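K.L.:
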Ligand code: NAP
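Numbering (our numbering), first residue to last: 91 to 475.
1. Please determine, among 257, 341, 315, the residue with the shortest C-alpha to C-alpha distance to residue 289.
2. Which value, in whole angstroms, describes the spacing of the CA atoms of residue 279 and residue 273?
3. Can you list the alpha helix (DSSP H) stretches of 4 or more residues lying completely in the segment 267 to 309, in chain order?
4. Buried or exposed: residue 133, going by 16 or more other Cβ atoms within 10 Å of its Cβ?
5. Can you give me the Cβ contacts of residue 183 inside the same chain, cut-off strictly under 8 Å, excluding the 5 residues immediately before and after it?
6. For the 8 Å Cβ check, are there 3 or more pairs between the segment 305 to 323 and the segment 393 to 411?
7. Is the beta carbon of residue 419 less than 7 Å from the beta carbon of residue 449?
8. So residue 317 is in the beta strand (DSSP E); what residue range does that whole segment cover?
9. Nearest-angstrom Cα distance between residue 389 and residue 370?
10. With a threshold of 6 Å on Cβ separation, who are the neighbours of residue 380 within its own chain once the five nearest residues in sequence on each side are excluded?
11. Need the endpoints of the alpha helix (DSSP H) that residue 446 sits in, please.
12. Look up residue 220 in the DSSP assignment and give the residues it is bridged to.
13. For residue 370, is the beta carbon positioned less than 6 Å from some heavy atom of the ligand NAP?
14. Taking the beta carbon of residue 439 as the centre, do at least 16 other beta carbons fall within 10 Å, making it buried, or is it exposed?
15. With a Cβ-Cβ cutoff of 7 Å, do residue 338 and residue 378 count as a contact?
16. Along the chain, where does the beta strand (DSSP E) that runs through residue 158 open and close?
17. Nearest CA to the CA of residue 231: which residue from 224, 243, 240, 249?
18. Could you spell out where the beta strand (DSSP E) holding residue 337 opens and where it closes?
19. Look at the alpha carbon of residue 109 and the alpha carbon of residue 254, and state the distance between them as a whole number of angstroms.
20. Quick one: measure Cβ to Cβ for residue 391 and residue 412, integer angstroms, because I've assumed they're closer than 8 Å.
21. Helix, strand or coil, according to DSSP, for residue 127 in the structure here?
22. Out of curiosity, what's the CA-to-CA distance linking residue 161 and residue 125?
23. May I ask which residues mark the beginning and end of the alpha helix (DSSP H) holding residue 143?
24. Work out the CA separation of residue 296 and residue 209 for me, nearest whole Å.
25. Is the closest heavy atom of the ligand NAP to the C-beta of residue 473 under 6 Å?
26. Check whether the segment 449 to 467 and the segment 229 to 248 touch, using three or more Cβ-Cβ pairs below 8 Å as the test.
27. Do the CB positions of residue 246 and residue 322 come within less than 7 Å of each other?
28. CA-CA distance, residue 307 and residue 215?
29. Give a single yes or no on whether residue 101 has its beta carbon closer than 6 Å to a heavy atom of the ligand NAP.
30. Rounding to the nearest angstrom, what Cα-Cα distance links residue 169 and residue 188 in this structure?
31. Rounded to a whole number of angstroms, what is the C-alpha to C-alpha distance between residue 358 and residue 415?
32. Leaving out five residues on either side along the sequence, give the residues of the same chain with a beta carbon under 7 Å from the beta carbon of residue 221.
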C-alpha cells in the first residue's frame with residue numbers, strides 16, 4: 091500500500107487497542123521492525139512502517155487494519171499510542187484493506203460490539219461433543235445474538251469473562267471462531283454457535299483452569315454471556331459457488347470449517363466447487379462433530395480424518411493425511427479457484443506448510459513463490475494458536 095498520499099499527507103498505520111488481544115502475530119510478521127509493544131499496547135512506529143501489509147493477514151481480530159490520514163510530521167508517536175485505550179476518531183470513512191481476502195467474499199461487519207459496550211447474548215444450548223468417558227470436555231455452545239449482530243463464516247467473537255484482573259481492569263476478551271453459518275445455527279437466525287474446549291492444563295501439562303473456557307463451558311441455557319464482535323476478516327470464505335475449499339484443521343479448529351460447510355450445504359444445489367476437509371483429533375470420541383460430519387450428504391464433502399491416539403493404530407496427523415493424497419493436494423495448490431484454510435494448533439501449521447513444501451518440491455513447483463501468490467490472492471488463510 092502506498093502510504094504517501096501527498097507531500098503533506100501520510101496514511102498512518104495504527105492498531106486498535108480495544109480489539110488487540112496481544113497475540114504478537116503482527117510484531118513477528120513485520121519485516122521492518124515497525125511494530126513494538128509494552129505490557130499495555132501493540133503499536134506501529136510511523137517512521138519505520140512502509141505499508142507493506144505483511145502484518146495484516148495474521149491478525150485474528152482486525153485490530154491491525156486501521157489507518158488514519160495525518161499531516162506528515164504530526165503522526166501519532168509510539169509514546170502516544172502506548173498510552174491509548176481507544177483509537178483517535180477517523181477523519182472521514184475509516185479505511186480498511188481487502189488484502190488477502192477472496193475476491194468474492196462478502197463484506198464483513200466488524201466490531202459492532204466492544205469490550206466497553208458488549209452484547210448480552212443468551213445461552214440457548216450447551217451440549218458436550220466429546221464422549222463422557224473422555225478427559226477432553228469440548229462443548230457446542232449456542233448463543234442467541236441480536237438482530238444487528240451479522241457475522242460471516244470465518245469471523246470470531248470475543249467473550250468477556252466476568253470479574254476483574256489483579257490491576258482492577260476487566261479481563262481481556264478471549265476469541266472464539268463462530269461455528270455456525272451467517273444464517274444461524276440449525277438455520278435459526280441470530281443463533282451463533284461456538285466450539286469450546288474446557289482448559290484444565292497449561293501448555294506444559296500442569297494443572298491450570300482456563301478462566302474463559304471454564305466460564306463458557308459452565309454457562310447453562312438462560313444464562314447471559316457478554317460478547318464482542320464480530321471480529322476479523324482474514325478467514326473469510328469465497329461466496330462464488332464454483333470455488334473449491336480445502337480445509338485443514340485439528341481439534342476445536344473445526345469451528346470455522348463447520349460454519350463454511352453449513353453455509354455451502356444451505357446452497358447445495360448452486361455449488362459446483364468441492365468441499366475437502368482434512369481433520370485431526372486424538373480419537374473419534376474426542377473429535378468434535380465426528381458423527382455430524384459422517385452424516386453429511388453423500389458426495390457433498392470429501393473428508394479425511396487423521397487420528398493420533400487410537401489404540402493399536404499408528405499416530406497420524408493431518409500433514410500425514412495430506413502426504414497420502416499428494417495428487418489431490420497438488421491440484422488444490424495449483425487450482426486458482428481453490429481456497430485453503432488452516433485452523434487449530436500452532437504446531438500443525440508448521441507441519442502442514444512443510445508437507446505443502448514437500449509435495450510442491452516433488453511436483454516441480456516452487457513452494458515459496460506459490461505461497462506468496464496464495465496469500466496475496468486470498469487463497470491461503472491461517473488461524474492457529
Ligand atoms: P488437541 O485435541 O490438543 O489436538 C488435536 C489433534 O492435533 C490431536 O490429534 C493432536 O495429536 C494433533 N496434533 C498435536 N500436535 C500436532 C502437530 N504438530 N501437527 C499436527 N497435529 C498435531 O487440539 P485442541 O485442544 O482442540 O486445540 C485446537 C487449537 O485450535 C487450540 O490451540 C485452539 O486455540 C485453536 N483454535 C480454536 C478455535 C475455537 O474457536 N475453539 C478457533 C481457532 C483455533 P496429539 O495430541 O496426539 O499429539
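All residues carry an ideal CB built from backbone N, CA and C; glycine is no exception. Small disclaimer: the values here were computed from a predicted structure and weren't measured.
P.N.:
Taking the coordinates as given:
1. Locating residue 289 in the chain shown gives position 199, counting from the first residue. Ranking 257, 341, 315 by Cα distance to residue 289 puts 341 first.
2. Translated into positions along the chain shown, residue 279 becomes position 189. Translated into positions along the chain shown, residue 273 becomes position 183. Approximately 5 Å between the Cα atoms of the pair.
3. 301 to 308
4. As a first step, residue 133 is located in the chain shown; it is residue number 43 there, counting from the start. The residue in question, residue 133, is buried, as its Cβ has 16 or more Cβ neighbours within 10 Å.
5. On the chain shown, position 93 is the one that residue 183 refers to. With a pLDDT of only 48 at residue 183, under the threshold of 50, the placement of this residue in the model should not be trusted, and no figure is reported.
6. no
7. As a working mapping, residue 419 is identified with position 329 in the chain shown. As a working mapping, residue 449 is identified with position 359 in the chain shown. Yes; because the gap between Cβ atoms is below 7 Å, this pair is in contact.
8. Walking along the chain shown from the start, residue 317 turns up at place 227. Where residue 317 is concerned, the enclosing beta strand (DSSP E) stretches over 314 to 321.
9. Indexing the chain shown from 1 puts residue 389 at position 299. Indexing the chain shown from 1 puts residue 370 at position 280. Those two C-alpha atoms are separated by around 21 Å.
10. Walking along the chain shown from the start, residue 380 turns up at place 290. Result list for residue 380: 374, in chain order.
11. Taking the chain shown and counting its residues from 1, one reaches residue 446 at position 356. 436 to 452 is the extent of the alpha helix (DSSP H) around residue 446.
12. Position 130 of the chain shown holds residue 220. For residue 220, which the question treats as bridged, DSSP gives no partner whatsoever.
13. Here the question's residue 370 lines up with position 280 in the chain shown. Within the cutoff, so yes.
14. What you label residue 439 is simply residue 349 of the chain shown in a count that begins at 1. When all chains shown are included, residue 439 counts as buried.
15. Residue mapping note: residue 338 aligns to position 248 of the chain shown, counting from 1. Residue mapping note: residue 378 aligns to position 288 of the chain shown, counting from 1. Not closer than 7 Å, so no.
16. As a working mapping, residue 158 is identified with position 68 in the chain shown. Run containing residue 158: 156 to 161, per the beta strand (DSSP E) assignment.
17. Working through the chain shown from its first residue, we reach residue 231 at position 141. Residue 249 is the option with its Cα nearest to residue 231.
18. Position 247 of the chain shown holds residue 337. Its beta strand (DSSP E) spans residues 334 to 340.
19. Translated into positions along the chain shown, residue 109 becomes position 19. Translated into positions along the chain shown, residue 254 becomes position 164. Distance between the alpha carbons of residue 109 and residue 254: 18 Å.
20. As a working note, residue 391 is residue 301 in the chain shown. As a working note, residue 412 is residue 322 in the chain shown. 16 Å between Cβ atoms; not a contact.
21. Here residue 127 refers to the residue found at position 37 when the chain shown is read from its first residue. Strand.
22. Translated into positions along the chain shown, residue 161 becomes position 71. Translated into positions along the chain shown, residue 125 becomes position 35. Approximately 21 Å, taken between the alpha carbons.
23. The residue given as residue 143 occupies position 53 in the chain shown. No alpha helix (DSSP H) holds residue 143; DSSP gives it neither H nor E.
24. For this step, residue 209 is matched to residue 119 along the chain shown. For this step, residue 296 is matched to residue 206 along the chain shown. Between residue 209 and residue 296, the C-alpha separation is close to 34 Å.
25. As a position in the chain shown, residue 473 is number 383, starting the count at 1. Yes - the ligand NAP has a heavy atom lying nearer than 6 Å to the Cβ of residue 473.
26. no
27. Residue 246 sits at position 156 when you count from the first residue of the chain shown. Residue 322 sits at position 232 when you count from the first residue of the chain shown. Yes; because the gap between Cβ atoms is below 7 Å, this pair is in contact.
28. The residue you call residue 307 lines up with position 217 of the chain shown. The residue you call residue 215 lines up with position 125 of the chain shown. About 11 Å.
29. Here residue 101 refers to the residue found at position 11 of the chain shown. Not so, every heavy atom of the ligand NAP lies at least 6 Å from the Cβ.
30. For the purposes of this step, residue 169 is taken as the residue at position 79 of the chain shown. For the purposes of this step, residue 188 is taken as the residue at position 98 of the chain shown. In a straight line, the C-alpha of residue 169 is about 29 Å away from that of residue 188.
31. Taking the chain shown and counting its residues from 1, the one referred to as residue 358 is at position 268. Taking the chain shown and counting its residues from 1, the one referred to as residue 415 is at position 325. Straight-line Cα distance between these residues: approximately 25 Å.
32. Here residue 221 is taken as the residue at index 131 of the chain shown, counted from 1. So the list reads 375, once near-sequence residues are dropped.
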